[in-house]
Structure formats: structure tokens, C-alpha cells
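Undergrad: Just passing along the structure, written as C-alpha cells.
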Amino acid sequence: MGTDFQPTRESTPPPNVSYQQSVLGLAPNVHPLKSHKNPFPFILRAAAVYPDKLAIAHPDVKHPAFYTYAVWAQRIQNMAYALIQAGIRPGDRVAVITPNWSHTFWNIVDPNLSSLIATSRISLRILIFLRLFVMTQAELGDPYESFLSAGRVFSAEKGWAGLDVEPDENAGAVLCYTSGTTGRPKGVLTTLRGSYLAAIGNVVEGQISRESTYLWILPMFHAAGWTYPWANVFACATQITMRSVDYPLIWKHFLDSGVTHYCGAPTVQIGIVNDPAARPLPRTISAVIAGAAPTAHLISQLEQKGIKPVHVYGLTETYGPFTRCYDQPHWKTLTLEQRAKLMARQGQSFATAQDARVVYPPQDENDEELRDVPKDGRTVGEVLMRGNIVMKEYFRDPEATRKAFQGRHFHSGDLAVWHPDGVIQVVDRSKDLIISGGEVNNYPCELSSHPHVLEVSVVARSHPKWGERPMAFVVLRPEHAAKWKDNHGGFATELIRHARTLLPGFACPEWVQMVDELPVSQMHNIHISKTSTGKILKTNLRKVVAKL
1 MGTDFQPTRE
11 STPPPNVSYQ
21 QSVLGLAPNV
31 HPLKSHKNPF
41 PFILRAAAVY
51 PDKLAIAHPD
61 VKHPAFYTYA
71 VWAQRIQNMA
81 YALIQAGIRP
91 GDRVAVITPN
101 WSHTFWNIVD
111 PNLSSLIATS
121 RISLRILIFL
131 RLFVMTQAEL
141 GDPYESFLSA
151 GRVFSAEKGW
161 AGLDVEPDEN
171 AGAVLCYTSG
181 TTGRPKGVLT
191 TLRGSYLAAI
201 GNVVEGQISR
211 ESTYLWILPM
221 FHAAGWTYPW
231 ANVFACATQI
241 TMRSVDYPLI
251 WKHFLDSGVT
261 HYCGAPTVQI
271 GIVNDPAARP
281 LPRTISAVIA
291 GAAPTAHLIS
301 QLEQKGIKPV
311 HVYGLTETYG
321 PFTRCYDQPH
331 WKTLTLEQRA
341 KLMARQGQSF
351 ATAQDARVVY
361 PPQDENDEEL
371 RDVPKDGRTV
381 GEVLMRGNIV
391 MKEYFRDPEA
401 TRKAFQGRHF
411 HSGDLAVWHP
421 DGVIQVVDRS
431 KDLIISGGEV
441 NNYPCELSSH
451 PHVLEVSVVA
461 RSHPKWGERP
471 MAFVVLRPEH
481 AAKWKDNHGG
491 FATELIRHAR
501 TLLPGFACPE
511 WVQMVDELPV
521 SQMHNIHISK
531 TSTGKILKTN
541 LRKVVAKL
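Okay, structure coming up:
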């Protein structure tokens, strides 16, 4: 790492500690040469192989924390025993409410309190979830250390052998909530097996290694941090935590802390490349992007800074990333616009996933037959997934679970086309599509290619002749905002003219509304906001349009 982060005084390997995974028992139905897939042993292996390696750095606070793998494993053990002493039993759920920081690696967090994210990162071997216990942020800090101390006596006496439990790999592991971009958030229950395989998939696809340093910009509560807490431990990488998205601080770590990997939505990437501290990097950093396709302009800005964009696609229901847009060798000979068009596609399944396909909508709720759309890059269908990294169920919602798995595949709700090379390209959420005169459209990526556009979102607005037509909400790039400040109509004409060079007429916006900033602008007393993970909340945009 660039910065010489030194482990805190307490972060020294405990003497005579065994991290042998053999102390972990096997369920009676498991062959002695096999074991259930479970991400928890990742930390035991890392502590055994690299006990002195810096695992976690939380440097940007009043009382910084730096833990080696050995000490981190010990603190996890202490926490497990402390929870047992607090009365936590199999079938209980534990919710932790805190920002990204060193303790969240053994807990899932929800800093916005919008939903309780229930899990026990440190005791996946013990807890399967039925009751709910909450530790609030106010209870962290010194009281948190006091809570850990309740488990230290038992840790010293029993060690890992006292936690000798091997749950079914298909048991619930983490309960996360969807972002609610189209309605009420749903609880997504994932499994130990899925968490294990999704984490390994991220290591393979992200090329994470022992030499990697991962910067936590992505909220860890979002789909369990896309399983990157486990992935980085599997690879024995170092992780740096940040309490919030702070662009100058992000650049400080990029330049001084040896960062090699991070994840973030396009809106976050836009903030990174446009920060005054942004400059070309001395080495390449890998940026995993999801939530929306990166535009040609954003790709260009990232690459100019030395940041390599990796476009992935998935949902909370798929542990985060399920597909990746795999760049091909011949892309190096293409123009930026040509590469951007290809990189905007959602790609093909991860190594540890199974298959993603595009099918025609079912004829009714009892239709279990799946009919693939042709791979022509034009016919729109719904993206379906199945395999190792698809959720178990929606928590306490059997009807939603039944609908989601109609035809024994998970229905994503995303509409896409299937290209001849087998690559999937998402058009939009099924609830966000605009039907104009019988034609389907919604193409914010083409609108984003205008050089004056920073962000854009498109929703449907009713039309007396065509039923509905697209309305675009646009944030201008700062250097161009003054030009159009008093000429909104002129910009609308300019953007529509630009769209007509790229899109058929029915797909071009009928109306264009300039806003200062999509997360905070007020129109007709309606708050236009984003989810906590950086995705534009179209439900609020539709409320704005309904009043027009």
C-alpha cells in the first residue's frame, strides 16, 4: 500500500491460536470428504496463512483502526461468543445500523435506517434468523468493545472448537432489502452456498489478489456489499473503509493508499471524475460499475484518469453482480464511441453463475413455459436467471416468491434484447418502459452521449394521441450550464435534434426538463431523489410528471 498504515497496538496475533478448519464439524448428512459451502472459513484461512497482513484500515476518523487478519479473526470469535451470551440462538436475526467502517465487516449495515438489514456476518455458522435484535449506532464505540469483552472469556476457554457448527449450505445467510426503485422494498433471503460462490465469482471476475487494496465506496448494506467483504477476505486483500462518499478523500486514497479496486454506480463515478482533486493516476485502478450502463463520455473520463471501468449487472436477488460485459481483444482497435456502445451491454453470466436468458413474457400467471426471444438485438423480452447465485426467497412473502420464480427461473423485471453473440443488453425496468403508439422506447444512454449532458433520466408522460411519450430530466455538465441557463427551450431543441441522429422518432423525448441536480431538485414541491445506492428513483419522477 502507498500509505504506511500500521496495525493498531492491539492488532498483534494472539499466541498459540489454531485456525484449522478441521475444528469445524460436519452436518450428519455430509460425506466426510465434502463440506457445505460457507464463506465463513475464508477468514480462518486468511488468518492462518497471513496472520500479520493488514486486513482492514479505517483511517479517516478521530480514532483510526487497523486490524491484521489474526486480530480480526479473534474479534470475530469474541463477537460470536458475545452474541451467544446475549441470548442469540439459532433462528434469530441480528440487525446492525452503522455506516461503513471496520466493524461492518462482520455485520451488514443500513445507515439510512430505511430497512432493517438482518444478518450476523460473524456468526453465519450460528444464526439462521427468526427473531430480531438491534444494536444501534449509539451502542457502538466503547460500549461495543464492552460487548465484545463478554465473549473474550469464552474465546480463551473454548476457541473455535466451541463454535463447532456446520449449517446446511442452503440455510439463510443474509437478509437484504431491495432498493425499492419501483415500489416497496422486499426482503431478499440469500444462502450460505450462494454467498460462497458469489464471493469467489467476484474474485475471479475482478482479478482480486493478496496484493489488492479495495476501497469501500459502495455501501456495504447494499446486497451485502455485492459479497465483496467475503471476496476480499477470500483473496486475502486489504480493505479500506470510508464512512461516506467523500470525493476529495476518495482521491486522497487513490493517490496515497495504493488502491487497486472499488465499486460504484455511474452517478458516483461521475462525481469521482469531476472532483477538483481528480488527476491521472500513477497506476491503473479497476472500477466495477453497476446500476446503469456507463456512457461514452464517462468511460473516456475514467480511462483518462487511469481507471478501468468493468460493467456488471445484477440485482439484490442475485447477490449483486450476475453478468459482466467481457471486453474483447479486438475492441482495442475501435473508436471510443464504438467501444462505449459495446460496453453498455450487460454481457454474459459470471463464472460461478449459471445462465441468464431473455424470454417472452408469460401469457398469464400460470404459464410456466419459457420461450426465448431471438438473438437479433431487437426483440425485447425479460431477463431471467437461475443457478448458484440466485436468492432463496423473499422473506415472509411466499406469493412474491412464487411470482418471481415462475417457470423455475428468477424473473428480474428487467427488459432486454439478446444479441447474436449471446450478450444481453437491458433496455429498462419493465415498469419504466414507455409505450408510444404501440412502440417500446426509453433510451437515456443515447441522450447521455450529448457532450453537455451530465446525467439524464427518462420517464413516461401521458400524450393525447400516442398514449404516452418520453420526458427527459437532464442535469447539465457544470462547464455548459451557464450557456443554457436562460434558454431552456433552446437546449431542449438541441437535445431532441441530437437524439434524432441516433434514435427513431418515436424514441426521442417529447419534452426536456433541465434540473440543477437530480438528487435534490424541487419541482412542483416533489423531491427528485436517488436511492442510497445511487440509482435515480423514478417513482418520484413519475409523481412530478403526473402533476404536469
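Residue numbers (UniProt numbering): 1 to 548. Every residue, glycine too, gets a C-beta built ideally from N, C-alpha and C. Values in this document were obtained by computation on a predicted structure and should not be read as measured data.
What would DSSP say about Asp256, mapped onto helix, strand or coil?
TA: In the sequence shown, the residue the question calls residue 256 occupies position 256. Helix at Asp256.
Undergrad: Give the list of continuous alpha helix (DSSP H) stretches no shorter than 4 residues that lie fully inside the stretch 308-360.
TA: Fully enclosed alpha helix (DSSP H) runs of 4 or longer: 336-343.
Undergrad: Nearest to Ala499 by CA position, among Val458, Ser286 and Pro309, is which residue?
TA: What you label residue 499 is simply residue 499 of the sequence shown in a count that begins at 1. Minimum Cα distance to Ala499 is reached at Val458.
Undergrad: How would you call His63, buried or exposed, if buried means at least 16 neighbouring beta carbons within 10 angstroms?
TA: Taking the first residue of the sequence shown as 1, we reach residue 63 at position 63. Counting Cβ neighbours within 10 Å, His63 comes out exposed, since fewer than 16 surround it.
Undergrad: Check this for me: beta carbons of Lys37 and Leu189, under 8 Å apart or not?
TA: If you number the sequence shown from 1, residue 37 lands on position 37. If you number the sequence shown from 1, residue 189 lands on position 189. Going by C-beta atoms, Lys37 is not nearer than 8 Å to Leu189.
Undergrad: Which of the three DSSP states, helix, strand or coil, is assigned to Leu130?
TA: Walking along the sequence shown from the start, residue 130 turns up at place 130. For Leu130, the predicted structure reports a pLDDT of 31, less than 50, and the residue's modelled location is therefore unreliable. A value from the coordinates is still provided. In the structure shown, Leu130 sits in coil (DSSP, three-state: anything other than H, G, I, E or B).
Undergrad: So Phe234 and Phe42 are supposed to be a Cβ contact under 8 Å. How far apart are they, rounded?
TA: Here residue 234 corresponds to residue number 234 of the sequence shown, with the count starting at 1. Here residue 42 corresponds to residue number 42 of the sequence shown, with the count starting at 1. Confirmed, Cβ separation roughly 5 Å.
Undergrad: What does a CB cutoff of less than 6 Å around Met391 pick up in its chain, not counting 5 residues either side in sequence?
TA: Taking the sequence shown and counting its residues from 1, the one referred to as residue 391 is at position 391. Taken in chain order, the residues that qualify are Val188, Thr190 and Glu317.
Undergrad: Just to confirm the assignment: which complete alpha helix (DSSP H) runs, minimum length 4, are found wholly within the UniProt domain "AMP-binding enzyme C-terminal" (447-520)?
TA: As far as the UniProt domain "AMP-binding enzyme C-terminal" (447-520) is concerned, its whole alpha helix (DSSP H) runs of at least 4 residues are 478-484 and 488-500.
Undergrad: Apply the 10 Å Cβ neighbour rule to Ser257 and answer buried if 16 or more other Cβ atoms are within range, or exposed otherwise.
TA: In the sequence shown, residue 257 corresponds to position 257, counting from 1. Buried: at least 16 other Cβ atoms inside 10 Å.
Undergrad: What does a CB cutoff of less than 7 Å around Val545 pick up in its chain, not counting 5 residues either side in sequence?
TA: By one-based count along the sequence shown, residue 545 stands at place 545. Only Val459, Arg461 and Met471 meet the Cβ criterion.
Undergrad: For Trp226, which beta-bridge partners are listed by DSSP?
TA: Taking the sequence shown and counting its residues from 1, one reaches residue 226 at position 226. Beta-bridge pairing links Trp226 to no other residue.
Undergrad: Which of the three DSSP states is assigned to Val245 in this structure?
TA: In the sequence shown, the residue the question calls residue 245 occupies position 245. Correct three-state label for Val245: coil.
Undergrad: Please list, in chain order, all residues of the same chain as Arg339 whose beta carbon is under 6 Å from its beta carbon, the five residues on each side excluded.
TA: Translated into positions along the sequence shown, residue 339 becomes position 339. Excluding sequence neighbours, Arg339 sits near Trp331.
Undergrad: Tell me the DSSP secondary structure of Val109 in three-state form.
TA: Residue 109 sits at position 109 when you count from the first residue of the sequence shown. Because Val109 carries a pLDDT of 28, less than 50, the predicted location of this residue cannot be relied on, and the following value inherits that uncertainty. Note: Val109 maps to strand in three-state DSSP.
Undergrad: Is it true that the CB of Arg477 sits closer than 8 Å to the CB of Leu447?
TA: As a position in the sequence shown, residue 447 is number 447, starting the count at 1. As a position in the sequence shown, residue 477 is number 477, starting the count at 1. No, they are not a contact pair.
Undergrad: For Glu139, which residues of its own chain have a beta-carbon under 6 Å away from its beta-carbon, when the five flanking residues on both sides are left out?
TA: Mapped onto the sequence shown, residue 139 falls at position 139. Because the pLDDT at Glu139 is just 42, under 50, the model does not fix this residue reliably, and the point stays unresolved.
Undergrad: Excluding five sequence neighbours on each side, which residues of the same chain lie with their C-beta closer than 8 Å to the C-beta of Val373?
TA: What you label residue 373 is simply residue 373 of the sequence shown in a count that begins at 1. The answer, listed in chain order, is Val358, Val359, Tyr360, Thr379, Val380, Gly381, Val417 and Trp418.
Undergrad: Assign Asp92 to one of two classes, buried (16 or more other C-beta atoms within 10 Å of its C-beta) or exposed (fewer than that).
TA: Residue numbering aside, residue 92 sits at position 92 when the sequence shown is read from its first letter. Classification for Asp92: buried.
Undergrad: Report the three-state DSSP secondary structure of residue 552 (helix, strand or coil).
TA: Outside the modelled stretch of the chain, which goes from 1 to 548, sits residue 552, for which no answer is possible.
Undergrad: What is the DSSP secondary structure of Val203, reduced to helix, strand or coil?
TA: As a working note, residue 203 is residue 203 in the sequence shown. Three-state result, Val203: helix.
Undergrad: Measure the alpha-carbon distance for Cys176 versus Pro229 and round it to whole angstroms.
TA: Along the sequence shown, one-based indexing puts residue 176 at 176. Along the sequence shown, one-based indexing puts residue 229 at 229. Cα to Cα, the separation comes out at about 15 Å.
Undergrad: Cutting at 8 Å between CB atoms, please list the residues of its own chain near Arg210, excluding the five before and the five after it.
TA: Translated into the one-based positions of the sequence shown, residue 210 becomes position 210. Tyr50, Lys53, Ala235, Cys236 and Ala237, listed in sequence order.
Undergrad: Grouping DSSP H, G and I as helix and E and B as strand, with all else coil, what is Phe42?
TA: Locating residue 42 in the sequence shown gives position 42, where the first residue counts as 1. The answer is helix: DSSP assigns Phe42 an H, G or I state.
Undergrad: Looking at C-alpha atoms only, which residue of Ser300, Asn232, Thr295 and Cys445 is the closest neighbour of Arg45?
TA: On the sequence shown, position 45 is the one that residue 45 refers to. Closest option to Arg45, Cα to Cα, is Asn232.
Undergrad: Return helix, strand or coil for Thr401, following the three-state DSSP convention.
TA: Residue mapping note: residue 401 aligns to position 401 of the sequence shown, counting from 1. Residue state, collapsed to three classes: helix.
Undergrad: Between the alpha carbons of Ala82 and Gly151, how many angstroms are there, rounded?
TA: Along the sequence shown, read from residue 1 onward, the residue named residue 82 stands at position 82. Along the sequence shown, read from residue 1 onward, the residue named residue 151 stands at position 151. Between Ala82 and Gly151, the C-alpha separation is close to 4 Å.
Undergrad: For the putative contact between Gly320 and Thr260, defined by C-beta atoms under 8 Å, what is the C-beta separation to the nearest angstrom?
TA: Numbered from its first residue, the sequence shown carries residue 320 at position 320. Numbered from its first residue, the sequence shown carries residue 260 at position 260. With a Cβ gap of about 19 Å, Gly320 and Thr260 do not count as contacting.
Undergrad: Express the C-alpha separation of Ala223 and Cys445 in angstroms, rounding to a whole number.
TA: Numbered from its first residue, the sequence shown carries residue 445 at position 445. Numbered from its first residue, the sequence shown carries residue 223 at position 223. Straight-line Cα distance between these residues: approximately 25 Å.
Undergrad: Going by DSSP, which residues form a beta bridge with Ser286?
TA: The count along the sequence shown starts at 1 and reaches residue 286 at position 286. Paired residues: His261 and Lys308.
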